[in-house]
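Protein chains in written order, with our numbering: chain W, 2 to 230; chain U, 2 to 230.
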């Protein structure tokens with residue numbers, strides 16, 4: 002049964018398990034070859050609209066999936082690496098994200114970081130709030146800001162692993178692209194034994210990408226359902 | 002265009018990229034928790050038939066996929082680890098595989114190993130031939146034995162990585178199961194930059210498993226097709 006205010010995780014992964022190529026840098030934020038992961042998304046009508054370009058773009062299966070992903074969404078959580086600007090303190094002329102003056106989120110975004118910073122209001126309704134007291138605090142703040150809508154976990158890999166390990170993700174959609182990057186940032190790494198079970202929701206094949214969607218069932222819920230507690 | 006005598010690779014993988022769980026041993030040949038990877042296959046009618054049990058079993062999507070996989074198949078290649086019996090010399094009472102007197106292959110099987118050994122004929126048409134001079138030799142022998150039919154690459158991960166890196170695989174079908182094993186033998190590891198491109202053939206969702214099938218296009222073929230050579 003679907004609860005209110007789900008935490009949904011949504012990410013594009015190569016068939017060999019990478020969400021970014023090797024050697025990530027300011028010049029190559031997605032690593033070498035990592036841009037190709039998102040070829041399927043860049044050309045979609047929904048993607049263009051979110052980025053302020055309402056002219057043209059592909060409709061169809063992939064576009065429908067992306068629209069569904071961003072429907073009923075009230076806030077986003079991401080890691081410092083996804084927000085960008087390199088590691089360490091923010092400095093005098095702090096980085097404002099990869100997305101220009103009008104980022105595509107149009108809602109509150111919570112950035113996990115070790116370095117405190119004042120909230121940053123951008124055009125179009127996006128506000129970046131910097132959270133230094135951990136993933137559970139970020140989730141609590143994001144759910145409150147989302148006002149009953151869902152929260153999106155955007156990535157990157159390390160943050161997703163923390164939320165997965167903590168059993169905090171409700172739904173996960175992985176867009177698998179037919180690429181072998183051969184190296185980079187793995188989505189699933191160092192997870193160890195998890196107290197979660199995946200239930201497939203649906204598989205959709207679009208041009209150049211396969212969308213795998215799962216509900217994540219926590220072991221506590223399983224025990225409850227079976228009457229074991 | 003489909004060539005004769007394809008090398009087809011067929012393997013079951015967890016969503017987090019593992020084809021066996023951690024701590025593989027004679028007691029746990031698929032590693033801890035790795036048995037669960039194959040729950041979808043064990044109960045199929047086609048699987049039971051191949052293992053000499055014609056009574057019952059599931060039909061439907063997954064059964065159709067397995068039947069298609071084993072159709073037009075003339076020989077199999079596998080690594081020493083998949084054949085089993087531990088590493089090192091074969092010893093006085095050599096291991097005869099995991100599958101009993103009547104293995105489910107019913108055709109020539111070529112086992113890659115560093116340790117020479119006489120061929121081993123089993124019941125039901127399975128013959129294990131032990132190949133010590135590398136993956137290309139095994140493929141050449143297997144294609145000859147297959148008599149115009151396809152050759153199956155069964156695994157494990159290390160052998161598959163060698164064939165992938167050498168650009169020798171024509172088709173690859175990955176059965177993705179909704180499990181996070183959290184550790185074990187990764188299918189895709191240490192691949193580095195590959196001179197291959199994947200073209201999706203089809204995606205099929207069955208109960209408890211999603212079947213992703215790709216054609217592997219070698220860069221040499223790509224250059225030829227574009228007139229670059």
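We put the CB at the ideal spot given by N, CA and C, even for glycine. Keep in mind it's a predicted model, so treat the numbers as computed, not measured.
By alpha-carbon distance to residue 188 of chain W, the top candidate from W/165, W/72, W/73 and W/69 is W/165. With at least 16 other beta carbons inside 10 angstroms of its own, residue 46 of chain W counts as buried.
Counting along the chain, the unbroken beta strand (DSSP E) around residue 173 of chain W starts and ends at 172 to 178. Of W/75, W/96 and W/92, the smallest CA-CA separation from residue 85 of chain W is found for W/96. Taking one beta carbon from each stretch, the stretch 61 to 80 of chain W and the stretch 150 to 165 of chain W have 3 or more pairs nearer than 8 Å; the two touch.
Contact of residue 148 of chain U with chain W is not assigned, every C-beta pair being separated by 9 Å or more.
In the three-state reduction of the DSSP assignment, residue 144 of chain W falls in the helix class, which pools H, G and I. Taking a Cβ-Cβ threshold of 7 Å, none of the residues of chain W is close to residue 62 of chain U; the smallest such distance is about 11 Å.
Around residue 206 of chain U, the beta-carbon contacts reaching into chain W at under 7 Å are 204.
A contact is defined here as three or more CB-CB pairs under 8 Å, and the stretch 178 to 194 of chain U meets this definition with respect to the stretch 27 to 39 of chain U. Listed in chain order, the positions of the stretch 9 to 40 of chain W with a beta carbon within less than 7 Å of a beta carbon of chain U are 16, 17 and 18.
At least one beta carbon of chain W lies nearer than 9 Å to the beta carbon of residue 184 of chain U. The beta carbon of residue 173 of chain W sits closer than 7 Å to those of 10, 215 and 217, all from its chain and outside the five residues before and after it, given in chain order. Under the Cβ criterion of 9 Å, residue 118 of chain U is not counted among the residues facing chain W.
In this chain, the alpha helix (DSSP H) harbouring residue 83 of chain U covers 81 to 84. By the Cβ neighbour-count rule, residue 24 of chain W is exposed, with fewer than 16 other Cβ atoms within 10 Å of its own. Looking at the DSSP output, residue 117 of chain U shares a beta bridge with no other residue.
With respect to residue 199 of chain U, residue 37 of chain U sits apart: the two C-beta atoms are not nearer than 9 Å. In this structure, the beta-carbon distance from residue 207 of chain U to residue 66 of chain U falls below 9 Å. The alpha-carbon separation between residue 91 of chain U and residue 133 of chain U amounts to approximately 13 Å.
Between the alpha carbons of residue 211 of chain W and residue 42 of chain W lies a distance of about 12 Å.
The continuous beta strand (DSSP E) containing residue 128 of chain U extends over residues 128 to 132. Under DSSP, residue 211 of chain U takes part in a beta bridge, and its partners are U/177 and U/206. For residue 191 of chain U, the closest of U/12, U/70 and U/162 by C-alpha to C-alpha distance is U/162.
Taking 9 Å as the cut-off, the beta carbon of residue 18 of chain W is found closer than this to the beta carbon of residue 17 of chain U. Sequence-distant Cβ neighbours of residue 64 of chain U in its own chain, meaning closer than 6 Å and more than five residues away, are 45, 46 and 47.
Under DSSP, residue 103 of chain U takes part in no beta bridge, so it has no partner.
Distances from the CA of residue 109 of chain U to each of U/140, U/93, U/177 and U/89 were compared; the closest alpha carbon is that of U/140. Annotated as distal: residue 80 of chain U and residue 197 of chain U, with beta-carbon spacing of 9 Å or more.
Nearest CB-CB separation between residue 193 of chain W and chain U: below the 9 Å threshold. Under the criterion of beta carbons closer than 8 Å, residue 51 of chain U and residue 155 of chain U do not qualify as touching, at roughly 13 Å. Within 9 Å of the CB of residue 164 of chain W, no CB atom of chain U is found; the nearest one sits about 13 Å away.
In this structure, residue 205 of chain U sits away from residue 13 of chain U, with a CB-CB distance that is not shorter than 9 Å.
Within the DSSP secondary-structure output, residue 19 of chain U pairs in a beta bridge with U/187. Closest option to residue 194 of chain W, judged by alpha-carbon separation, among W/168, W/158 and W/49: W/168. Taking 8 Å as the upper bound for CB-CB distance, residue 87 of chain U and residue 27 of chain U are in contact here, some 7 Å apart.
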